[in-house]
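Working notes for the structure below.
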Amino acid sequence: MTQAVALAIGVQRAESPGLWTLAWRRFCRDRVGLASFLIVVFFFGLMAASGLHLIAADWSKEVGVNYAPPTFMGPEVADGGPSAPGSHGGERTGVENPFDPLAGVLAEIRAASGAASVAEAQSPTLVFGGDRWGRDVLQKTIKGTETSMFVGLVAALLAAFLATVFGALAGYYGGWIDDFFNWFYSVFTSIPYLLLILAIAAVLNQKGTLTVILILGLTGWTGIFRLVRAEYLKHKVREYIQAADAIGASHARRMFVHILPNVSHVVLVQLSLHVVLFIKSEVVLSFLGFGVGVDTVSWGSMLNEAQSELILGYWWQLAAATLAMALLVTGFSLFTDALRDALDPKLK
Amino acid sequence: MTFANSPETLIGIRDLKVDFRLDRTTVTQAVKGISLDIPVNSTVALVGESGSGKSVTALAILGLLPRENSTVPPGSQILYGGRNLLALAPGELQKLRGADISMIFQEPMSSLNPVFTIGFQITEVLTKHLGMTGRQARARALELLREVGIPEPETKIDAYPFQLSGGQQQRAMIAIAIACEPKLLIADEPTTALDVTIQKQILELIAALQKRLRMSVLFITHDLALVGEIADYVVVMREGDIREQGRVEQIFEAPRDAYTRALLLCRPQLTRRPRRLPVIDDFMKPGPLAGGNVEERSRGLRGDEEIILEVRHLGKSFYSREGLFGKREFKAVKDVSFKLARGKTLGIVGESGSGKTTVALTLLRLRGESSGEALFDGKDLLSIPQDEMMPYKRRIQIVFQNPYASLNPRFTIGQLLMEPLHVHRIASSEGERRDRVYKLLEEVGLPEVSFFKYPHEFSGGQRQRIAIARCLTMKPDVLICDEAVSALDVSIQAQVLNLLQDLQDEHHMSYIFISHDLAVVKYMADQVMVMNEGEVVEVANSDDIYRNPQHPYTKKLLSSIPQGWRGARAR
Numbered sequence: 000m001t002q003a004v005a006l007a008i009g010v011q012r013a014e015s016p017g018l019w020t021l022a023w024r025r026f027c028r029d030r031v032g033l034a035s036f037l038i039v040v041f042f043f044g045l046m047a048a049s050g051l052h053l054i055a056a057d058w059s060k061e062v063g064v065n066y067a068p069p070t071f072m073g074p075e076v077a078d079g080g081p082s083a084p085g086s087h088g089g090e091r092t093g094v095e096n097p098f099d100p101l102a103g104v105l106a107e108i109r110a111a112s113g114a115a116s117v118a119e120a121q122s123p124t125l126v127f128g129g130d131r132w133g134r135d136v137l138q139k140t141i142k143g144t145e146t147s148m149f150v151g152l153v154a155a156l157l158a159a160f161l162a163t164v165f166g167a168l169a170g171y172y173g174g175w176i177d178d179f180f181n182w183f184y185s186v187f188t189s190i191p192y193l194l195l196i197l198a199i200a201a202v203l204n205q206k207g208t209l210t211v212i213l214i215l216g217l218t219g220w221t222g223i224f225r226l227v228r229a230e231y232l233k234h235k236v237r238e239y240i241q242a243a244d245a246i247g248a249s250h251a252r253r254m255f256v257h258i259l260p261n262v263s264h265v266v267l268v269q270l271s272l273h274v275v276l277f278i279k280s281e282v283v284l285s286f287l288g289f290g291v292g293v294d295t296v297s298w299g300s301m302l303n304e305a306q307s308e309l310i311l312g313y314w315w316q317l318a319a320a321t322l323a324m325a326l327l328v329t330g331f332s333l334f335t336d337a338l339r340d341a342l343d344p345k346l347k
Numbered sequence: 000m001t002f003a004n005s006p007e008t009l010i011g012i013r014d015l016k017v018d019f020r021l022d023r024t025t026v027t028q029a030v031k032g033i034s035l036d037i038p039v040n041s042t043v044a045l046v047g048e049s050g051s052g053k054s055v056t057a058l059a060i061l062g063l064l065p066r067e068n069s070t071v072p073p074g075s076q077i078l079y080g081g082r083n084l085l086a087l088a089p090g091e092l093q094k095l096r097g098a099d100i101s102m103i104f105q106e107p108m109s110s111l112n113p114v115f116t117i118g119f120q121i122t123e124v125l126t127k128h129l130g131m132t133g134r135q136a137r138a139r140a141l142e143l144l145r146e147v148g149i150p151e152p153e154t155k156i157d158a159y160p161f162q163l164s165g166g167q168q169q170r171a172m173i174a175i176a177i178a179c180e181p182k183l184l185i186a187d188e189p190t191t192a193l194d195v196t197i198q199k200q201i202l203e204l205i206a207a208l209q210k211r212l213r214m215s216v217l218f219i220t221h222d223l224a225l226v227g228e229i230a231d232y233v234v235v236m237r238e239g240d241i242r243e244q245g246r247v248e249q250i251f252e253a254p255r256d257a258y259t260r261a262l263l264l265c266r267p268q269l270t271r272r273p274r275r276l277p278v279i280d281d282f283m284k285p286g287p288l289a290g291g292n293v294e295e296r297s298r299g300l301r302g303d304e305e306i307i308l309e310v311r312h313l314g315k316s317f318y319s320r321e322g323l324f325g326k327r328e329f330k331a332v333k334d335v336s337f338k339l340a341r342g343k344t345l346g347i348v349g350e351s352g353s354g355k356t357t358v359a360l361t362l363l364r365l366r367g368e369s370s371g372e373a374l375f376d377g378k379d380l381l382s383i384p385q386d387e388m389m390p391y392k393r394r395i396q397i398v399f400q401n402p403y404a405s406l407n408p409r410f411t412i413g414q415l416l417m418e419p420l421h422v423h424r425i426a427s428s429e430g431e432r433r434d435r436v437y438k439l440l441e442e443v444g445l446p447e448v449s450f451f452k453y454p455h456e457f458s459g460g461q462r463q464r465i466a467i468a469r470c471l472t473m474k475p476d477v478l479i480c481d482e483a484v485s486a487l488d489v490s491i492q493a494q495v496l497n498l499l500q501d502l503q504d505e506h507h508m509s510y511i512f513i514s515h516d517l518a519v520v521k522y523m524a525d526q527v528m529v530m531n532e533g534e535v536v537e538v539a540n541s542d543d544i545y546r547n548p549q550h551p552y553t554k555k556l557l558s559s560i561p562q563g564w565r566g567a568r569a570r
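These protein sequence lines map, in sequence, to chains C and Z. Position 42 of the first sequence, counting from 1, maps to 41 under numbering that gives the first Met the number 0, and the rest follow consecutively. Position 145 of the second sequence, counting from 1, maps to 144 under numbering that gives the first Met the number 0, and the rest follow consecutively.
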C-alpha cells in the first residue's frame, strides 16, 4: 500500500538505492556469480522455450536410426553393427519365425510403419546421437531439462512455502505452537529419507510429474523450516518488532510484513539450494522407477535408460544428461553462493 | 609534535596513515597522518567520537589491522625501542604483543573465550611468553587475580567467564593484559559497557596498576570527563586528524581548539542547565558563541500539576523452569509507584538490571503479565483487554536505545512513518497522511527526500530523529525514551536532547526519560526516580536529589559520576 504511495508521488522522487538494488550491485561485481547467473538464465530460457513448444517439440519422433551415433563420430560402420541404413535395428532384422501366430498381423503393422519411416528417411547420424528408438538425444535432453527443472523449481517452491509458513508460526508464537511444529518436524526427520519418499510414492500410487513434485515438496521442507524458525526467534525480540508492536501492528503484520522481508534472504538461498537438491532427487527417483511417467522424459529417465545402453557402448545419452545436469547444478550452486553473499544484509 | 618537556618516549607515532578499502573503487582514509608520543610511565588519553580513528590507531600499534582491506602507506612509522613496528615481521610482532604491549577491549564478555576458564586464559599468556611451567603459571595467575581485586581468587580461577559479573570479567581481562608486565597497556573504551559504579572501580584499578607497574597506558575513550580523572596527556582526534594534544590541565583549562571546547561543553553538566545545549556547529562556526546558552531552565514540580499517568504498585516477575515441575520466580520490578505530570519529565536512573526498562515495557504492555495498575485517563492500562487497547496504544509511545535496531531495515522512511497512520486510521486520505509525514520530517530536522530513503542511509543521530518522528505521527501524550541518547556520540546527543526538549515545549508531551547517565537525566528531568534491583530507592525533584541525596545508594551513584578535570584534583 505504502509502496503505491511512494510511486504515486514519484514526481519528486530522489533516486535512492533500495536494499535489493544494492544487493544487485554487489552481485554484479562477482564475476563467477554473474557467469553462473547467465548459465541459469540460459537454462531457464531453454525450459521456457521447450515448455512453449518452440524447441524440442517433436523430441519423440524417431528421426534417426536406432542408437545413431553423434555426427562428429560419423556413421557407425564397423563390426556388423545393427545400423545398416534403412533398417530398424536388431530386433527387426532377423529371419521371420515360421511358427509365429501373429506373423500376419505383424507383417501388416510392419508394412504400415515401414512406409511411414521410409517417408521420413532416418538419418544415420544425429547431432548428439540417438537413443534406442532413434530419437534425437539433444532434443531429448532439452525436453528432459524442462521436466527436471520444472520438477525441481516447483517442488522447491512448495517446500519453501510450507517451511516459511510453519517456521514463521513456530518461531513467532513460540509456546505450544512451537512445540507442535518441532514434534512434527522430529517425526518427519526420524524416518529415513528414501523410505519416506517410497512410502509417499506408494500411497499416491500413480506415476507422473505432479507426484514427483508432491513427494519432494512434502518431504523437503524440514531443513528450511529449521532455519526460518531460528530466524524468526531471533527477529521477534528485535527492537524494530517491539517498535511495531508499540505502534499497534497486528501479529500477522509483524510476522509477514515486518519480519519476512528481513529473513527473505535465508529463504531465497535455501530455495535455490533445494532446486539443485530436488533436481538430483528427481534423477534418483526416476532411476529407481518412481519418477516421471514413460511418456515424459527427464534427466532421471534418461540416466535410467543409459544404464543398459552403456554396456553396449552407447555412451552419448548418459553424457548428454550428465553434462546438462552438471552444468545446471554447478551453475545454480555458484549462483546461490553469490546470491547469499550479495543478499547478506549489512545492517550498518 | 611532542608534548612539552616530555620525559623519555616509549612509543613514537610518526605520520601514521591508515587507508581502508570499502569496495573495489572506494577507499577511505581512517587515519590521516597523525604524530604523537607516548611517554614512559604515564597515561595518554586518546579522545574522539566514533569514526575519529582512535581505535584504528591502537590496532595499528598492535599490528592487528585487518589485512584484507586495510593498508598503511609507506612513510608511516610507529617507533618502539628503535624499531618500526609497522615494518616488523609478523612473528616478531607476535612476540611483542601480550608481552611488551597488551590490550583491553570494550566488551569483556566477548573478548574472553567463553569455553575456557579464567585461569586457563591467564596461564596461556604466561606459558607462551614467559615460558613458565604449569604450576608456576597457576601461582602467578592467582597472584594476578588478587592484584586486580577479584574476590576469592582461589575459586574464581576455575570459573568460566559467564560465571563472573561484568566488572569481574573486565578485571580478569585486565589480569590477562598485565600478566607479562607490559610496558604499554592499550585500553580501548574499557568502561563503556559497564555501570557507572563499576566504571569508577575499574578506572581506579587501572590508575593504581599504572603507578605500581610503572607502565604506560594508552586510554581510548569518547568521554572527555573520564579522561580528566586519570590521564597525564590528552590527544583529541576527529575524523582521522589530531585536533589538539597537550597536558591534561592545558586541555581542560585552556583548550586551544574549537572542537575540544565543543566536546567539553556539549555534554550536559551537573552544575548547569542551559535552555539549549550547545552543539558542535556552534563552536565550529566563526564568531561569538550563539546566545541562549546563558539562560538557565528551571526544573521541578510544584505539586499542583495535572497528573496524566499514575502507576501504583507495579510489579513484574519472570519465571524460569526449575526441576521437573518447579518454577523459579525472578522479580524484575517490585512495587513501583509514581505519578507523571502533564508536560513534565520523569527521569528514571539505575544501573543495568535495576528494572528501569522493564517498567517502560510493562507500561506499554510489551511484556505480558504483570501486577499493579497504571491509571491513564482513569483507565487501568494493565487490565484493558487487548482489543480495546488500540486507542491507548497511540497515546503512549516509546523511543528505543539503539537507533540501528529499532527501524526495520527493509522499509523506507516513508513506509516507516506512514505505517502508524495506516494502523490507527489517522487522517482521511493518503495525501493528507503524506503531508503530515512531510511536516513531521521537517519538524525533526530531516529533508523531504528522506521519505524515499532507507534507514541504512542515515547516521545514528538521524535515525533516532526518525524514530522520534514515528512516535510523533500518533501525537502521543506520553513519550518514553529508553536510553534514547545513550548510543549516540556526545555532539549528536546534544542535538537529539535539544530536539526532544523543543518538542516537549511545543506539544506539551510528558516524558519518561530512562538513562544510566546521571548528567543527561539531570539535564532533562523535572523529577528523578532512582531504581535499584527492581525497587524504587528515591523519588524527588531533580535539583533536590542531586544537591541533597537521601538514600545511600543514590549517594553512591552520584559519587561515581566522572567529575572531569576539577574533580581529579580533589582526588
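Beta carbons: idealized from backbone N, C-alpha and C, even for Gly.
Practice problem: Determine the direct distance from the alpha carbon of K60(C) to that of L326(C), and round the result to whole angstroms. | Solution: Your numbering for residue 326(C) matches position 327 in the first sequence. Your numbering for residue 60(C) matches position 61 in the first sequence. Their backbone Cα atoms lie some 26 Å apart in a straight line.
Quiz item: Under a CB-based cut-off of 8 Å, is P81(C) close to chain Z?
Solution: Here residue 81(C) corresponds to residue number 82 of the first sequence, with the count starting at 1. Here P81(C) scores only 45 on pLDDT, less than 50, and its place in the model should not be relied on; the value that follows carries that caveat. Taking Cβ atoms only, chain Z never reaches closer than 8 Å to P81(C), which makes this a no.
Quiz item: Span of the alpha helix (DSSP H) holding A426(Z)?
Solution: Here residue 426(Z) is taken as the residue at index 427 of the second sequence, counted from 1. A426(Z) -> no alpha helix (DSSP H), and no H or E assigned at all.
Quiz item: Beta carbon of L440(Z), beta carbon of Q463(Z): below 8 Å?
Solution: If you number the second sequence from 1, residue 440(Z) lands on position 441. If you number the second sequence from 1, residue 463(Z) lands on position 464. It is not a contact, given that the beta carbons lie outside the stated cut-off.
Quiz item: Out of curiosity, what's the CA-to-CA distance linking F331(C) and V256(C)?
Solution: For the purposes of this step, residue 331(C) is taken as the residue at position 332 of the first sequence. For the purposes of this step, residue 256(C) is taken as the residue at position 257 of the first sequence. Approximately 29 Å between the Cα atoms of the pair.
Self-check item: Cβ separation of L111(Z) and A171(Z), assumed to be a contact under 8 Å, to the nearest whole Å
Solution: Reading the second sequence from its first residue, position 112 is the one you call residue 111(Z). Reading the second sequence from its first residue, position 172 is the one you call residue 171(Z). So it is a contact: roughly 7 Å between Cβ atoms.
Quiz item: Cα-Cα, which of L269(Z), V477(Z), L496(Z), E350(Z) is closest to M528(Z)?
Solution: Within the second sequence, residue 528(Z) is the residue found at index 529, counting from 1. Per the Cα distances, E350(Z).
Practice problem: Have a look at V489(Z) and V268(C) and give me their C-alpha separation to the nearest angstrom. | Solution: By 1-based counting over the second sequence, the position of residue 489(Z) is 490. By 1-based counting over the first sequence, the position of residue 268(C) is 269. About 41 Å.
Quiz item: Which one of I38(C), F127(C), A200(C) has the shortest CA to CA distance from W373(C)?
Solution: Past the edges of chain C, shown from 0 to 347, lies residue 373(C), and the structure says nothing about it.
Quiz item: When you compare each of V62(C), T321(C), S280(C) to D135(C) by their alpha carbons, which one comes out closest?
Solution: Here the question's residue 135(C) lines up with position 136 in the first sequence. When only C-alpha atoms are compared, the closest one is V62(C).
Quiz item: If you run the structure through DSSP and keep just helix, strand and coil, what is M131(Z)?
Solution: Locating residue 131(Z) in the second sequence gives position 132, where the first residue counts as 1. Reduced to three states, the DSSP call for M131(Z) is coil.
Quiz item: With a cut-off of 8 Å, does the C-beta of L339(Z) fall near any C-beta of chain C?
Solution: Position 340 of the second sequence, counted from the first residue, corresponds to residue 339(Z). False, the Cβ-Cβ gap to chain C never drops below 8 Å.
Exercise. Using the Cα positions of L37(C) and S271(C), report the straight-line distance between them to the nearest angstrom.
Key: The count along the first sequence starts at 1 and reaches residue 37(C) at position 38. The count along the first sequence starts at 1 and reaches residue 271(C) at position 272. Cα to Cα, the separation comes out at about 15 Å.
Quiz prompt | Test: W241(C) CB closer than 8 Å to a CB of chain Z | solution = Sequence index remark: in the first sequence, residue 241(C) carries index 242 (1-based). First, the residue type needs correcting, since residue 241(C) is Gln and not Trp in the sequence shown. Q241(C) counts as touching chain Z.
Quiz item: From E534(Z), Q500(Z), V43(Z), pick the residue whose C-alpha is nearest to that of I205(Z); which is it?
Solution: Walking along the second sequence from the start, residue 205(Z) turns up at place 206. Nearest option by C-alpha distance: V43(Z).
Quiz item: Mind checking N204(C): buried by the 16 CB within 10 Å criterion, or exposed?
Solution: Walking along the first sequence from the start, residue 204(C) turns up at place 205. Exposed, since its Cβ has fewer than 16 Cβ neighbours within 10 Å.
Quiz item: Can you find a CB in chain Z that lies within less than 8 Å of the CB of D57(C)?
Solution: Within the first sequence, numbered from 1, the residue matching residue 57(C) stands at position 58. D57(C) does not count as touching chain Z.
Self-check item: Residues that M530(Z) bridges to, as DSSP identifies them
Solution: Stepping through the second sequence from its first residue, residue 530(Z) is reached at position 531. In DSSP, M530(Z) forms a bridge with V535(Z).
Quiz item: N40(Z) by DSSP, collapsed to three states: which one?
Solution: One-based indexing of the second sequence puts residue 40(Z) at position 41. N40(Z): coil per DSSP, three-state reduction.
Quiz item: Helix, strand or coil: how does DSSP classify L345(Z) here?
Solution: As a working mapping, residue 345(Z) is identified with position 346 in the second sequence. Reduced to three states, the DSSP call for L345(Z) is strand.
Quiz prompt | Contacts around I544(Z), its chain only, beta-carbon distance under 6 Å, and the 5 residues preceding and following it disregarded | solution = The sequence position of residue 544(Z) within the second sequence is 545, counting from 1. So the list reads V527, once near-sequence residues are dropped.
Practice problem: Within its chain, find whatever has a CB closer than 6 Å to the CB of F289(C); leave out the 5 residues flanking it on each side and keep chain order. | Solution: Along the first sequence, read from residue 1 onward, the residue named residue 289(C) stands at position 290. The answer, listed in chain order, is A200.
Practice problem: Please say whether L300(Z) and D525(Z) have beta carbons closer to each other than 8 Å? | Solution: As a first step, residue 525(Z) is located in the second sequence; it is residue number 526 there, counting from the start. As a first step, residue 300(Z) is located in the second sequence; it is residue number 301 there, counting from the start. Their beta carbons are under 8 Å apart, which means D525(Z) touches L300(Z) by this criterion.
Practice problem: Determine, using beta carbons only, whether E431(Z) comes closer than 8 Å to chain C. | Solution: Taking the second sequence and counting its residues from 1, the one referred to as residue 431(Z) is at position 432. For E431(Z), the answer is no, since every Cβ of chain C falls outside 8 Å of its Cβ.
Quiz item: Which residues does DSSP pair with Q28(Z) in a beta bridge?
Solution: On the second sequence, position 29 is the one that residue 28(Z) refers to. Answer is D18(Z), bridged to Q28(Z).
Quiz prompt | Cutoff 8 Å: I176(C) Cβ touching any chain Z Cβ | solution = Position 177 of the first sequence holds residue 176(C). So no, I176(C) is outside the interface.
Quiz item: Where does S559(Z) fall in DSSP's three states?
Solution: Here residue 559(Z) corresponds to residue number 560 of the second sequence, with the count starting at 1. Here S559(Z) sits in coil by DSSP.
Quiz item: Which of the three DSSP states, helix, strand or coil, is assigned to Q463(Z)?
Solution: Along the second sequence, read from residue 1 onward, the residue named residue 463(Z) stands at position 464. Residue state, collapsed to three classes: helix.
Exercise. Quickly, what does DSSP pair I310(C) with across the bridge? List them, please.
Key: Counted from its first residue, the first sequence places residue 310(C) at position 311. Paired residues: none, contrary to the question.
Exercise. Identify whether P548(Z) lies in helix, strand or coil by the three-state DSSP scheme.
Key: As a working mapping, residue 548(Z) is identified with position 549 in the second sequence. P548(Z): coil per DSSP, three-state reduction.
Quiz item: In its own chain, which residues sit with a C-beta less than 8 Å from the C-beta of L496(Z), not counting the 5 before and 5 after it?
Solution: For the purposes of this step, residue 496(Z) is identified with residue 497 of the second sequence, where counting begins at 1. Only P267, L276, V484, V519, Y522, M523 meet the Cβ criterion.
Exercise. Let me know if L51(C) comes out buried or exposed under the rule of 16 or more other beta-carbons within 10 Å of its beta-carbon.
Key: As a first step, residue 51(C) must be located in the first sequence, where it is residue number 52. Under this definition L51(C) is an exposed residue.
Practice problem: Pull up the CB-CB distance for M301(C) and G143(C), whole angstroms please, since I reckon it's below 8 Å. | Solution: Reading the first sequence from its first residue, position 302 is the one you call residue 301(C). Reading the first sequence from its first residue, position 144 is the one you call residue 143(C). With a Cβ gap of about 5 Å, M301(C) and G143(C) count as contacting.
Quiz item: Cβ of S369(Z) within 8 Å of Cβ of G314(Z)?
Solution: The count along the second sequence starts at 1 and reaches residue 369(Z) at position 370. The count along the second sequence starts at 1 and reaches residue 314(Z) at position 315. Result yes, Cβ atoms of S369(Z) and G314(Z) sit closer than 8 Å.
Quiz item: Which chain C residues sit within Cβ distance under 7 Å of P72(Z)?
Solution: If you number the second sequence from 1, residue 72(Z) lands on position 73. Simply none; closest approach about 25 Å.
Practice problem: Give a yes or no on whether 8 Å exceeds the smallest Cβ distance from D336(C) to chain Z. | Solution: Numbered from its first residue, the first sequence carries residue 336(C) at position 337. No, no contact with chain Z.
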